[in-house]
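2 protein chains.
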Amino acid sequence: MAEGSTSAMGGENLLFLTDEQLRKGIEAMFFAYRGFTADPDRILEVHGYGRAHHRALHFINRTHGTTVNNLLNILGVTKQSLNRVLRTLIEDGLVESRVGRKDRRERNLFLTEKGDTLERALSEAQRERMRAAYRAAGPQAVAGFRQVLEAMMDDEIRRQYTNMRDRRA
Amino acid sequence: MAEGSTSAMGGENLLFLTDEQLRKGIEAMFFAYRGFTADPDRILEVHGYGRAHHRALHFINRTHGTTVNNLLNILGVTKQSLNRVLRTLIEDGLVESRVGRKDRRERNLFLTEKGDTLERALSEAQRERMRAAYRAAGPQAVAGFRQVLEAMMDDEIRRQYTNMRDRRA
DNA sequence: CAGTTTATGTCAGCCTTGTTGACATTCCAA
DNA sequence: TTGGAATGTCAACAAGGCTGACATAAACTG
Chain A
1 MAEGSTSAMG GENLLFLTDE QLRKGIEAMF FAYRGFTADP DRILEVHGYG
51 RAHHRALHFI NRTHGTTVNN LLNILGVTKQ SLNRVLRTLI EDGLVESRVG
101 RKDRRERNLF LTEKGDTLER ALSEAQRERM RAAYRAAGPQ AVAGFRQVLE
151 AMMDDEIRRQ YTNMRDRRA
Chain B
1 MAEGSTSAMG GENLLFLTDE QLRKGIEAMF FAYRGFTADP DRILEVHGYG
51 RAHHRALHFI NRTHGTTVNN LLNILGVTKQ SLNRVLRTLI EDGLVESRVG
101 RKDRRERNLF LTEKGDTLER ALSEAQRERM RAAYRAAGPQ AVAGFRQVLE
151 AMMDDEIRRQ YTNMRDRRA
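Respectively, the protein sequence lines represent chains A and B.
In terms of full-length UniProt numbering, the first sequence is numbered consecutively and its last residue is 169.
In terms of full-length UniProt numbering, the second sequence is numbered consecutively and its last residue is 169.
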């Protein structure tokens, strides 16, 4: 990335903040996100699921036994929207919903073995692309990548993200 | 980002390629993309438009006089889908569609003054967030960010992205 | 205990934005 | 002149967002 390294190592150099650079960053996000979702999308299509199912599987796997409400906060959708997805996942035997032990109004969500299998397939496809990108860019670039992404999140979301990270680091 | 810098500067250190690190990267992409789209989304809602309109405005502004076909390739949607968006933008007087001079089957797309105004408002909101993130992370991180994003794109897309960059660098 | 709040689920209906398929128009090029 | 390319349009459909309304059970509170 020729002109990227031009702005790197600058310090007082603010070329990386020009509108042109920022617009390029915006386009890079757009195109990269497409690549980021492309591989799981192909797998999901075979099973008749969409990205919404992937997100649910991902975060249920990530925080075993999470409640519906917690998932709503993480995903930032309405309960009706999540419920539609969750219902099909439960019906299809990918997710198990257990009545909460402490608070019986709550439902604790878990992946079944079948759900875990699909989650791993989806995740592996996505991780494979990340792995290739990380390897191509190198550890220092990856650190910068994560720094910028984290700075781009909404404050509240960053807190959730950080918690999630800390809990399983 | 404490543990990010742990893996940075490693070289032979491959900690940044562990599944856990990759999963964190995946989540960072997910959350960051939400932040990335949040500000323009709010503006679009006021005008009764969606992200699809934003994308069209962005790329029409980016490559003045682009054809519909070219836009289809960049956006990666069907012409019917794009056409619906384009039609409303033209009806609302944000986009002008001129019959091609060389090839009169083609339509060359331009922003009107009104379209340019909205595009700048959307873009400025998005750039403001990028600017803040870039400033917080610093030029070296930004270079890494761009490297990883570029490596994450599909090959064909990366070619388009690179062309677009070179043409207006 | 009665009343309120909380967590969840569900029904109905709407919107945006993606998809396919069919078909018309225009016009370049062989 | 005919074939194919570029574009546009119509119809129908699906996923996955949304809101509003309502039901239930459980927990909390005075």
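The beta-carbon is built from N, C-alpha and C at its ideal position, and this holds for glycine as well.
None of the values given here were measured: they were computed from a predicted structure.
Could you check whether the Cβ of residue 22 of chain A sits closer than 8 Å to any Cβ belonging to chain B? Judged by the 8 Å Cβ criterion, residue 22 of chain A is in contact with chain B.
Show which residues of chain A have a CB atom less than 8 Å away from the CB atom of residue 17 of chain B. Simply 131, 134 and 135.
Residue 99 of chain A: buried (16+ other C-beta within 10 angstroms of its C-beta) or exposed? Exposed is the call here.
Boundaries (first-last residue) of the alpha helix (DSSP H) holding residue 61 of chain A: Unbroken alpha helix (DSSP H) run through residue 61 of chain A: 51–62.
is_contact[residue 127 of chain A, chain B] using C-beta, thresh 8 Å: It does: the Cβ of residue 127 of chain A has a partner Cβ on chain B nearer than 8 Å.
Inter-residue spacing [alpha-carbon to alpha-carbon] between residue 106 of chain B and residue 65 of chain B: Answer to the nearest angstrom: the Cα atoms are 10 Å apart.
On the CB-based measure, 16 or more other CB atoms within 10 Å of its CB, does residue 129 of chain A come out buried or exposed? Answer is buried; the Cβ neighbour count reaches 16.
CB contact check: residue 157 of chain B to chain A, cutoff 8 Å: Chain A, which has a Cβ nearer than 8 Å to the Cβ of residue 157 of chain B, makes this yes.
Among B:69, B:28 and B:50, whose alpha-carbon lies nearest the alpha-carbon of residue 118 of chain B? The candidate whose alpha carbon is nearest that of residue 118 of chain B is B:50.
Could you tell me whether any Cβ in chain B is nearer than 8 Å to the Cβ of residue 171 of chain A? The first residue shown for chain A is 1 and the last is 169, placing residue 171 of chain A beyond what the model contains.
Whole angstroms is fine: what's the gap from residue 42 of chain A's alpha carbon to residue 13 of chain A's? The C-alpha of residue 13 of chain A is placed about 42 Å away from the C-alpha of residue 42 of chain A.
Hey, would you say residue 36 of chain B sits closer than 8 Å to residue 152 of chain A, going by beta carbons? For the pair residue 36 of chain B and residue 152 of chain A, the CB atoms are nearer than the 8 Å cut-off.
Within 10 angstroms of the Cβ of residue 80 of chain A, are there 16 or more other Cβ atoms? Answer buried if so, exposed if not. Looking at its Cβ environment, which holds fewer than 16 other Cβ atoms inside 10 Å, residue 80 of chain A is exposed.
How is the alpha helix (DSSP H) around residue 106 of chain A delimited, first residue to last? Residue 106 of chain A -> no alpha helix (DSSP H), and no H or E assigned at all.
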